[in-house]
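Numbering (my numbering), first residue to last: 32 to 133.
Ideal Cβ positions, reconstructed from N, Cα and C, are used throughout, including at glycine.
Below is the structure:
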């Protein structure tokens, strides 16, 4: 299944022991169980001191996995938010151009 394939890819990346890992839509098209397993693998990497850059169109995934959120609109960073500042409404406000970022 797609979930198993993605878990294998993530596991291979983990075994390569990177200092920084970039994941783009890491759970797109997988079932809830596979999504939770992939998130657990990424969380474990962070606990081991690795850095992970997550690119995702799923806001809940971004909020669950991120300590810091960069909101990009029209190819430009329009906001940088801490975990405490970030929320679905705040992110969407920046993404839709409702706020300016200094």
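query: For residue 115 and residue 55, the rounded distance between their alpha carbons; result: 23 Å
query: Cβ separation of residue 122 and residue 102, assumed to be a contact under 8 Å, to the nearest whole Å; result: 6 Å
query: Residue from 68, 78, 52 whose Cα sits closest to the Cα of residue 38; result: 68
query: Proximity of residue 90 and residue 119 at Cβ, strictly below 8 Å; result: yes
query: DSSP-derived helix/strand/coil call for residue 117; result: coil
query: Close-in-space but distant-in-sequence residues of the same chain around residue 44 (CB under 7 Å, 5 per side omitted); result: 52
query: Identity of the residues DSSP links to residue 98 by a beta bridge; result: Its beta-bridge partners do not exist; DSSP assigns none.
query: Of the residues 41, 92, 127, 94, the one placed nearest residue 109, counting alpha carbons only; result: 127
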